[in-house]
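I have placed the structure first, in the form of structure tokens, so that the comments after it can refer back to it.
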Amino acid sequence: MSLRLRLTILFTGILGLTLVIFSFVVYLIMSRTLYTEVDNSISAMASSVVRSMKVSPFELDKVQIPNVDVFSSPGTYLQIVDARGKMVSRSANMGLQYLPMSEDTLGMAAAGREFYENVGYRDNRIRVYNYPLILEGKVIGVLQVGRSLSQVEMVLGRLRALMLSGAAMAVLTAGLMGFSLARTAFKPVERIIEAAASIQRGSDLKKRIDYHGPKDELYTLSETLNGMLERLESMYSRLEEINEAQRRFVADASHELRTPLTTIRGNAELLLKMGDSHPDTRAEALADIAGEAERLTRLVSNLLYLARADACQVIETSPVRLRELMERAVDSLKFTTGRKIEFEGLESLPEDLQVNVNADLIIQAINILVDNAVKYTPAEGEIVLGASTGGGSEPGTVSIYVRDSGPGISEEDSQDIFERFYRGETARGKSGSGLGLSIAQWIMQKHGGSVALNSKEGSGSCFSLLLAGGSSSG
Ligand code: ADP
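Just so we're aligned, residue 784 is where the sequence shown starts under the working numbering, counting upward by one.
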């Protein structure tokens, strides 16, 4: 059973029950009022008749029953019976008829009690007030005042019919209207269900629930669902990106690994075939093998580094004085580059300026930039390692830069050089795997910083490691 039908039945049931209770109470009060009114009118009539009696008890039959005003008291009858139950007088409007008098009535009246009773007369019910006429302590007769109940019963019958048909109509109307109102109210829910189902059926996460209506609970529901879909969509596309990057990485890595391996194998096969016959070629082949093996080692260690970097989500950092960090970086370059490197701004760095970093990783990033500068800048060119503070867009930014007077980087390349395995135009004829800058970028991202490039083709490049929030050690 649908929620719509259940709600309609529930509301209609409650309305029906309320109407039944209400009608019952109204009917009860109405019937009480009408019957009490009849009782009061006939007892009042009896009292007025008794007051007007001025006869001796022996002449009971001479009592003149006052004429009943048929307009003000329609259907009211008066009758006097003697102690034996014989009718002695009656009102003119009774004609030849008389009110029935039972033995029980006579007995009760004889006991001197005044009381009401309902008696049947032909098809009518008549309410009768029995008033014993007592003289000197002895009941000499009974004054009976009767009033037909047909009027009251007719009114109550009509009221019953009216209430029953009214309640039935009200329940029916409420049921029908409730059902159609519930349908209107549930329409948006159905639309939301339809939209959600179509999103579930298809794989298009771009679809949204199109809800036009007041800002009520349903609006909030559709907004929440749309928010959830948005999150799902962005997570899904992120997953796709990661998957794609992973696929590319594996393909590129295997390609990169295969090239030196092919060279090594080719040279080894050549050496096997040749034996000791050509010492020059043999030396050349061996040098090739050694060179490729070295390249392979570098590549594998870079790959391992990136794999580890991908797995490790947090890095350990500690506050380090920037000057000390730069001194360590300069030391690390002494033996590796074999080229003259100039230093800039290191002396003027504030003594107590600290950065919260993993020093080993930052030094590795600096080494990557310097290695690239050395690799791509002609021997007569200039390479500068420097550091400055507050130079970035935000105050407190620390910038460690490597500037060279090499070939510079074209606009197109500058978009891609941070991608894994991407090698630019400048890399032609130079060894490398295209992993250096992506490692440097990963290191900076882990520090909440970035690598910035400022370069023009043909006029050198400047790579900066930007770190946020240098602080004074106090
Ligand atoms: P690799 O140097 O092994 O090729 P990187 O990721 O370090 O890989 O660098 C990516 C590319 O960026 C290089 O192939 C090169 O084309 C370009 N590049 C990096 N540094 C410089 C530089 N100082 N001058 C000119 N080009 C550079």
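The beta carbon of each residue, even a glycine, is placed where N, CA and C say it ideally should be.
Residues that DSSP places opposite residue i in a beta bridge
i       : result
Leu1250 : Val1181
Val928  : Leu861 and Tyr912
Pro1102 : Asn1139
Thr1172 : Val1181
Asp1196 : Looking at the DSSP assignment, Asp1196 forms no beta bridge with any residue, so it has no partner.
Ser1244 : Asp1187 and Ser1238
Leu918  : Lys921
Asn907  : Tyr904
Ile1166 : Asp1187
First through last residue of the beta strand (DSSP E) which encompasses residue i
i       : result
Glu900  : Phe898 to Tyr904
Glu1077 : Where Glu1077 is concerned, there is no enclosing beta strand (DSSP E), although the alpha helix (DSSP H) it sits in stretches over Pro1062 to Ala1094.
Glu1125 : Glu1125 to Glu1127
Nonlocal neighbours in the same chain, by C-beta distance under 8 Å from residue i, ignoring five residues either side
i       : result
Val972  : Leu1001
Lys989  : Glu1016
Arg943  : Tyr810
Ala1162 : Arg1122
Asp1059 : Arg1065
Of the residues the options, the one placed nearest residue i, counting alpha carbons only
i       : options                               : result
Asp1135 : Leu1105, Asn1141, Ser785 and Ala1156  : Leu1105
Ala1170 : Leu1054, Glu886 and Leu1108           : Leu1108
Gly996  : Arg974, Ser986 and Val821             : Arg974
Leu1220 : Val1234, Phe794 and Ile992            : Val1234
Val954  : Ile792, Ile976, Ile923 and Ser1037    : Ile792
Lys921  : Ser933, Phe794, Ala1066 and Arg896    : Arg896
Val864  : Asn876, Ser885, Gly878 and Gly858     : Ser885
Glu1013 : Asp999, Gly1217 and Arg991            : Arg991
Asp1187 : Glu1027, Phe1201 and Ile1166          : Ile1166
Leu932  : Phe805, Asp822 and Arg1206            : Asp822
Asp1093 : Val1185, Gln1224, Glu1006 and Ser1037 : Gln1224
Gly1232 : Glu1240, Ile1192, Ser1182 and Arg1203 : Ser1182
Pro883  : Gly1243, Ala893, Asn901 and Leu1022   : Asn901
Leu811  : Arg910, Gly799, Met946 and Arg984     : Met946
Arg873  : Tyr1019, Gln862, Asn1150 and Gly1164  : Gln862
Leu788  : Ala1090, Ile1192, Gly961 and Asn907   : Gly961
Ser806  : Arg941, Gly1191, Ser835 and Tyr860    : Arg941
Ser814  : Met877, Asp906, Val803 and Gln934     : Gln934
Leu1129 : Leu786, Lys1056, Arg1111 and Lys1117  : Arg1111
Met937  : Gly890, Asn907 and Ser963             : Asn907
Gln1258 : Val1103, Asn1150 and Asp1114          : No answer is possible for residue 1258: the residues shown for the chain start at 784 and end at 1257.
Gly867  : Lys1117, Ala875, Gln880 and Asp887    : The sequence given here places Arg at residue 867; Gly does not occur at that position. For the residues Lys1117, Ala875, Gln880 and Asp887, the minimum Cα distance to Arg867 belongs to Asp887.
Phe1201 : Ile1222, Glu1006 and Arg1211          : Ile1222
Ala782  : Asp993, Glu1125, Thr1180 and Leu1055  : It is not possible to answer for residue 782, since the shown part of the chain is limited to 784 through 1257.
Ser727  : Thr1042, Ala965, Tyr1019 and Gln983   : There is no way to answer for residue 727, as the model of the chain reaches only from 784 to 1257.
Leu1086 : Val1033, Ala980 and Glu1052           : Val1033
Ile1043 : Ala1210, Tyr904, Gly1215 and Ile797   : The displayed chain sequence assigns Pro, not Ile, to residue 1043. Ranking Ala1210, Tyr904, Gly1215 and Ile797 by Cα distance to Pro1043 puts Gly1215 first.
Val803  : Ser1005, Leu1250 and Gly949           : Gly949
Where the alpha helix (DSSP H) through residue i begins and ends
i       : result
Val808  : Leu786 to Ser835
Arg1111 : Leu1105 to Leu1116
Asn1237 : Careful: Asn1237 lies outside any alpha helix (DSSP H), inside the beta strand (DSSP E) at Ser1233 to Ser1238.
Ile1222 : Gly1219 to Lys1229
Contacting residues, own chain, Cβ-Cβ under 7 Å from residue i (five flanking each side not counted)
i       : result
Ala829  : Tyr912, Tyr914, Leu926 and Val928
Thr1046 : Asp1071 and Glu1075
Glu1208 : Ser1193 and Asp1196
Ala1263 : With the chain represented from 784 up to 1257, any question about residue 1263 goes unanswered, as that position is not in the structure.
Thr1003 : none
Close Cβ partners of residue i (< 6 Å) along its chain, the five nearest in sequence each way excluded
i       : result
Lys774  : Not covered by the structure: residue 774. The range shown for the chain is 784 to 1257.
Ser1197 : Leu1236
Ile1226 : Leu1144 and Ala1148
Ile1098 : Asn1141 and Lys1229
Gly1217 : Phe1204, Tyr1205 and Arg1206
Asn1050 : Ala1068, Asp1071 and Ile1072
Leu817  : Val935
Cys769  : There is no way to answer for residue 769, as the model of the chain reaches only from 784 to 1257.
Gly1241 : Gly1191
Met877  : Tyr860
Ser826  : Tyr912
Leu1152 : Val1185 and Phe1246
Residue i CB to nearest heavy atom of the ligand SAH below 7 Å
i       : result
Ile1151 : For the structure depicted, the ligand SAH is absent and the ligand set comprises only the ligand ADP.
Give, in chain order, every unbroken run of the alpha helix (DSSP H) that is at least 4 residues long and sits entirely within the segment 859-896. 886-893
Every unbroken alpha helix (DSSP H) inside the segment 977-1010 [4 residues or more]: none
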